[in-house]
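To start, the structure itself, in structure tokens.
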Amino acid sequence: MGTLNGGDGSVVFAAFAELSQYLEDQPGVMHAGEAETSMMMVCEPGLVDDSDLGGLASPMDGKKFLQAGEGSYRWRPFAHVTENGLAGNPARSNVVKGEKMLEAAAEAMARLICDPETWALPNDLRLDGTGGVPFRDRNTNR
331 MGTLNGGDGS
341 VVFAAFAELS
351 QYLEDQPGVM
361 HAGEAETSMM
371 MVCEPGLVDD
381 SDLGGLASPM
391 DGKKFLQAGE
401 GSYRWRPFAH
411 VTENGLAGNP
421 ARSNVVKGEK
431 MLEAAAEAMA
441 RLICDPETWA
451 LPNDLRLDGT
461 GGVPFRDRNT
471 NR
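Laid out in structure tokens, this is it:
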């Protein structure tokens with residue numbers, strides 16, 4: 331995931347589908363799991379201790395991560411989800427997979443940047459006032 335500054339706001343970028351196609355053991359990108367570790371093996375190989383990647387697996391139940399009762403969610407600290415800071419399984423991580431994932435992410439980012447819809451201003455659907463309280467004019471700030 332990344333963020334582009336769009337002038338008057340930000341565009342959140344996620345290439346989960348593009349990256350997930352390369353994963354063998356997890357449904358999507360998870361912290362320090364198969365995807366992130368593979369990409370780090372390309373970008374900063376000296377930071378990856380691959381001596382026991384299989385022993386680090388920490389399965390994460392994404393459905394329960396934010397769940398707080400029926401039909402409701404709330405933020406939970408990562409320490410409530412994983413005992414070692416990992417979410418997923420880095421055992422199948424490798425440089426080739428990391429290169430493919432970084433290329434896929436770069437292509438997805440390029441498509442996002444080149445898409446005019448990314449930078450189109452949204453329609454302002456506000457009425458002249460709501461409940462007697464007028465909105466400020468976005469152009470004049472009055």
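Residue numbers (this note's numbering): 331 to 472. Even glycine gets a Cβ: it sits at the ideal position worked out from N, Cα and C.
In the DSSP assignment, Pro446 falls within the unbroken alpha helix (DSSP H) covering Pro446 to Trp449. Per DSSP, Glu413 lies in no alpha helix (DSSP H) segment and is marked neither H nor E. Take the alpha-carbon of Pro420 and the one of Asn453: they are about 44 Å apart. The three-state reading of DSSP puts Ser350 in helix, counting H, G and I together. In the DSSP assignment, Met370 falls within the alpha helix (DSSP H) that extends over Glu364 to Cys373. Between the alpha carbons of Pro357 and Glu348 lies a distance of about 12 Å.
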